[in-house]
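Number of protein chains: 2
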Amino acid sequence: MNLETIARLSGVSRSTVSRVINNSPRVSEDTRRKVLDIIQQTNFQPNIAARSLASGCTRILGLVIPTAVSNLFVDPYFPLLIQGITAACNARDYSMMLWLADAEYERRMMRQILYSGLIDGVLLASMPENDPMLEALREARRPFVVQGRDPHHSDVAYVDVDNLESSRQATLHLARLRHRRIAHITGPLNTAVGKDRRRGYEQALQLSGLSYSPALVAEGDFSYEGGYQAMLRLLPHNPDAVFVASDTMARGAMRAVIENGLTIPEDIAMVGFDDMPFAAQMEPPLTTVRQPVLRMGSVAAETLIELIENPNAKPLGIRLPTELVIRASCGFSLRAGAAA
Amino acid sequence: MNLETIARLSGVSRSTVSRVINNSPRVSEDTRRKVLDIIQQTNFQPNIAARSLASGCTRILGLVIPTAVSNLFVDPYFPLLIQGITAACNARDYSMMLWLADAEYERRMMRQILYSGLIDGVLLASMPENDPMLEALREARRPFVVQGRDPHHSDVAYVDVDNLESSRQATLHLARLRHRRIAHITGPLNTAVGKDRRRGYEQALQLSGLSYSPALVAEGDFSYEGGYQAMLRLLPHNPDAVFVASDTMARGAMRAVIENGLTIPEDIAMVGFDDMPFAAQMEPPLTTVRQPVLRMGSVAAETLIELIENPNAKPLGIRLPTELVIRASCGFSLRAGAAA
DNA sequence: GATAATCGTGAGAGCGCTCCCATGAATTTG
DNA sequence: CAAATTCATGGGAGCGCTCTCACGATTATC
Numbered sequence: 018m019n020l021e022t023i024a025r026l027s028g029v030s031r032s033t034v035s036r037v038i039n040n041s042p043r044v045s046e047d048t049r050r051k052v053l054d055i056i057q058q059t060n061f062q063p064n065i066a067a068r069s070l071a072s073g074c075t076r077i078l079g080l081v082i083p084t085a086v087s088n089l090f091v092d093p094y095f096p097l098l099i100q101g102i103t104a105a106c107n108a109r110d111y112s113m114m115l116w117l118a119d120a121e122y123e124r125r126m127m128r129q130i131l132y133s134g135l136i137d138g139v140l141l142a143s144m145p146e147n148d149p150m151l152e153a154l155r156e157a158r159r160p161f162v163v164q165g166r167d168p169h170h171s172d173v174a175y176v177d178v179d180n181l182e183s184s185r186q187a188t189l190h191l192a193r194l195r196h197r198r199i200a201h202i203t204g205p206l207n208t209a210v211g212k213d214r215r216r217g218y219e220q221a222l223q224l225s226g227l228s229y230s231p232a233l234v235a236e237g238d239f240s241y242e243g244g245y246q247a248m249l250r251l252l253p254h255n256p257d258a259v260f261v262a263s264d265t266m267a268r269g270a271m272r273a274v275i276e277n278g279l280t281i282p283e284d285i286a287m288v289g290f291d292d293m294p295f296a297a298q299m300e301p302p303l304t305t306v307r308q309p310v311l312r313m314g315s316v317a318a319e320t321l322i323e324l325i326e327n328p329n330a331k332p333l334g335i336r337l338p339t340e341l342v343i344r345a346s347c348g349f350s351l352r353a354g355a356a357a
Numbered sequence: 018m019n020l021e022t023i024a025r026l027s028g029v030s031r032s033t034v035s036r037v038i039n040n041s042p043r044v045s046e047d048t049r050r051k052v053l054d055i056i057q058q059t060n061f062q063p064n065i066a067a068r069s070l071a072s073g074c075t076r077i078l079g080l081v082i083p084t085a086v087s088n089l090f091v092d093p094y095f096p097l098l099i100q101g102i103t104a105a106c107n108a109r110d111y112s113m114m115l116w117l118a119d120a121e122y123e124r125r126m127m128r129q130i131l132y133s134g135l136i137d138g139v140l141l142a143s144m145p146e147n148d149p150m151l152e153a154l155r156e157a158r159r160p161f162v163v164q165g166r167d168p169h170h171s172d173v174a175y176v177d178v179d180n181l182e183s184s185r186q187a188t189l190h191l192a193r194l195r196h197r198r199i200a201h202i203t204g205p206l207n208t209a210v211g212k213d214r215r216r217g218y219e220q221a222l223q224l225s226g227l228s229y230s231p232a233l234v235a236e237g238d239f240s241y242e243g244g245y246q247a248m249l250r251l252l253p254h255n256p257d258a259v260f261v262a263s264d265t266m267a268r269g270a271m272r273a274v275i276e277n278g279l280t281i282p283e284d285i286a287m288v289g290f291d292d293m294p295f296a297a298q299m300e301p302p303l304t305t306v307r308q309p310v311l312r313m314g315s316v317a318a319e320t321l322i323e324l325i326e327n328p329n330a331k332p333l334g335i336r337l338p339t340e341l342v343i344r345a346s347c348g349f350s351l352r353a354g355a356a357a
């Protein structure tokens, strides 16, 4: 079943069928209807390989997730991101290809991704700083969008949340509730996210006239265990609140607090980051910064498609707004009066 | 950059270069080396579209996850599955394409998947019973493998765990620990998984000489909330143990137990299913049936690839073994003496 | 040592599409 | 009303690869 067959069946030429399929305006309504009828009847679907070969594009997006973070994959973060991307792809008639960048295969994969013509553009998720992939991508002059701001390259299209502003707001919220010894469990500090969120925390302290104490900052790695360990290090310094850079770490931190016989939010107030599905189910429910993960996925995909179909478009960065979701863990209800 | 160029540079014909690339034995060692050198130098990668067009296969596997379960996506189940599939694909030089089957796009997608020649075979993950996709797949005579047994089609290749046996073992474990009023929170009973696990539970009761009571069985839907609600329904009937058909539901159930002032495992022992990463971090740590999810993914992919490259191969079902991971929630340590 | 099999290689067709150009009919223009 | 423009359509080349067949050279067979 191919264009030729459809052409014969509908009494026109292959070219005309192609025009119908590609919605060219240069077809009479009569012919169009006739051809579409036959296509419907025969359940015809143009061959993608042939199409790609002739046209030079595949309408396939590549999503690359570095192995370094594929452990993070235990978070529902990526599933949500993927759902968002998929939605955008569906809407624009694109498909998505997923690569989990295993170190061992990285070189081969990179070549395949970049030079085999399989994909029209690349979505890089949560790349570590200075990933070689990025350099390779610009060298190959392929359209791409990274998820997460890269402070080292300003001319790269990215989609991210405003980590700085979000963290500032989260910390300010704790300060407004009259907490004075506000601690911070950071993300990995070799990533832009980790740094940005810490800077937001620092700025909030300054804005609130609180002094910054290195003892009240502990580095985490976005994992449950990392959060637990970091909290253990913070406890001896008697924080009365803690802003944790991810919900998963907050779960670990919460456990550390409870194991030490302290109560949340009475002894230590807590704010997380992400608003993962489990955040609302924690005990107490976690106040946290909601990231529009799904939306981030679809915006990233849309940006990439734009870049593909419009090669002259300047790559630009997009920061999506977050939302502070106030639940019980920050002690809002306890001190609401005092804060007003 | 194409075959012709490589051929010219290495002083052979296009055909020979093609042979080198495809590891044909019909090339002298000398020529092979010469050509490989040039390929290395020029960073050449054959065009996939052209290759597919000429050969009729793409070396791309399609992974289809129905929307119905994409909420389940909040479990790290699918990420793990995907990781397994990816690993197998990497090893066999295949790539993977992901489709989240959104109802609205289902028809169009199905056609694209089946007839556009984009993919060589389909992996169906966690399909609901009687999914139309399955029928379409066999009609189109495409190789495919489903993840999860389908009781309605015996000639379909599938990869699954032995849900029946696993559930029987899990329940038997509770019975051996001298629990007598063992309840069960089921999965959705319109799925094979849900039914199989319940049957395992029933068989274990019978084997242990315990009587089956409908009041001690509550249907869940694999969600946290579903587990919570199911447990609330069970509590009035005073179970002394409960076998929960998924870890996520077990989390919900555990919350219900604790909110009612009861203790696990002292008042109610609990066994889950999945061994999700969080199971070990629960309080108390959850005894549960470990599914080899990652392995399931890679086995599924390998089976599919086998089917693709070997069209005469009979599709066959594979059941992977599970493992009962004993932690504190079943009260093993409490009653170990009694059980010996 | 003549015949047959094997091996390494090249030439050419063709996979199914897109895209450019040609063509003739219908329409507009001065 | 002749010339120019627009429109709907068809023809043909070509995208970059694979695969079959042909061909000469080498090796095996009796």
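Protein chains in written order, with this note's numbering: chain A, 18 to 357; chain B, 18 to 357.
Beta carbons: idealized from backbone N, C-alpha and C, even for Gly.
Owing to the predicted nature of the structure, the values given are computational and were not obtained by experimental measurement.
Can you give me the start and stop residues for the alpha helix (DSSP H) that residue i sits inside?
{"i": "Tyr94 of chain A", "result": "94-109"}
{"i": "Arg76 of chain B", "result": "Per DSSP, Arg76 of chain B belongs to no alpha helix (DSSP H) and is neither H nor E."}
{"i": "Thr4 of chain A", "result": "Missing from the structure shown is residue 4 of chain A; chain A here goes from 18 to 357 and no further."}
{"i": "Ala297 of chain A", "result": "Note, Ala297 of chain A: premise wrong, no alpha helix (DSSP H); not H, not E."}
{"i": "Thr320 of chain B", "result": "310-326"}
{"i": "Arg166 of chain A", "result": "Premise fails: Arg166 of chain A is in no alpha helix (DSSP H) and is neither H nor E."}
{"i": "Glu152 of chain B", "result": "149-156"}
So residue i contacts chain B; which residues on that side make the cut at Cβ distance below 7 Å?
{"i": "Tyr241 of chain A", "result": "Gln298"}
{"i": "Gly134 of chain A", "result": "Asn64, Ile65, Ala66"}
Mind checking whether residue i and residue j have CB atoms under 7 Å apart?
{"i": "Ala317 of chain A", "j": "Gln164 of chain A", "result": "yes"}
{"i": "Met271 of chain B", "j": "Gly237 of chain B", "result": "no"}
{"i": "Val288 of chain B", "j": "Ile281 of chain B", "result": "no"}
{"i": "Ala24 of chain A", "j": "Val37 of chain A", "result": "no"}
{"i": "Ser112 of chain B", "j": "Ala66 of chain A", "result": "no"}
{"i": "Ile55 of chain B", "j": "Ser27 of chain B", "result": "yes"}
{"i": "Ala209 of chain A", "j": "Pro253 of chain A", "result": "no"}
{"i": "Leu131 of chain B", "j": "Leu321 of chain B", "result": "no"}
{"i": "Thr339 of chain A", "j": "Val306 of chain A", "result": "yes"}
{"i": "Ala192 of chain A", "j": "Ser225 of chain A", "result": "yes"}
{"i": "Asn64 of chain A", "j": "Gly134 of chain B", "result": "yes"}
{"i": "Asp291 of chain A", "j": "Gln308 of chain A", "result": "yes"}
{"i": "Thr75 of chain B", "j": "Asp137 of chain B", "result": "yes"}
{"i": "Arg166 of chain A", "j": "Asp177 of chain A", "result": "yes"}
{"i": "Ala118 of chain B", "j": "Val162 of chain B", "result": "no"}
{"i": "Ala330 of chain B", "j": "Leu324 of chain B", "result": "yes"}
Would you mind reading off the limits of the beta strand (DSSP E) that contains residue i?
{"i": "Tyr175 of chain B", "result": "175-178"}
{"i": "Leu140 of chain A", "result": "138-142"}
{"i": "Ile281 of chain A", "result": "From DSSP, Ile281 of chain A is part of no beta strand (DSSP E); its letter is neither H nor E."}
{"i": "Leu115 of chain B", "result": "112-118"}
{"i": "Gln246 of chain B", "result": "Premise fails: Gln246 of chain B lies in the alpha helix (DSSP H), 241-251, not in any beta strand (DSSP E)."}
Does DSSP put residue i in a helix, in a strand, or in coil?
{"i": "Thr339 of chain B", "result": "coil"}
{"i": "Ser30 of chain A", "result": "coil"}
{"i": "Asp54 of chain B", "result": "helix"}
{"i": "Asp359 of chain B", "result": "Absent from the model: residue 359 of chain B. The displayed extent of chain B is 18 to 357, so no value can be given."}
{"i": "Ser87 of chain A", "result": "At Ser87 of chain A the pLDDT is 49, less than 50, meaning the model places this residue with poor confidence; the figure from the coordinates comes in the next sentence. Correct three-state label for Ser87 of chain A: helix."}
{"i": "Phe349 of chain B", "result": "helix"}
{"i": "Arg344 of chain B", "result": "coil"}
{"i": "Val37 of chain A", "result": "helix"}
{"i": "Val44 of chain B", "result": "coil"}
{"i": "Gly334 of chain B", "result": "strand"}
{"i": "Gly134 of chain B", "result": "coil"}
{"i": "Met287 of chain B", "result": "strand"}
{"i": "Gly269 of chain A", "result": "helix"}
So who's on the other strand from residue i, going by DSSP bridges?
{"i": "Ile65 of chain B", "result": "Partner(s): none; Ile65 of chain B has no beta bridge."}
{"i": "Ile199 of chain B", "result": "B:Ala258"}
{"i": "Glu236 of chain B", "result": "B:Thr203"}
So residue i contacts chain B; which residues on that side make the cut at Cβ distance below 9 Å?
{"i": "Pro149 of chain A", "result": "Within chain B, no residue comes near Pro149 of chain A; the closest Cβ sits about 15 Å away, beyond 9 Å."}
{"i": "Ser69 of chain A", "result": "Asn64, Ile65, Ala66, Ala67, Ser69, Leu70"}
Please compile the residues from chain B whose C-beta is within a distance smaller than 8 Å of the C-beta of residue i.
{"i": "Thr48 of chain A", "result": "Under the 8 Å cutoff, chain B gives no residues; its nearest Cβ is about 23 Å from Thr48 of chain A."}
Which chain A residues sit within Cβ distance under 9 Å of residue i?
{"i": "Met114 of chain B", "result": "Ile77, Ser112, Met113, Met114, Leu115"}
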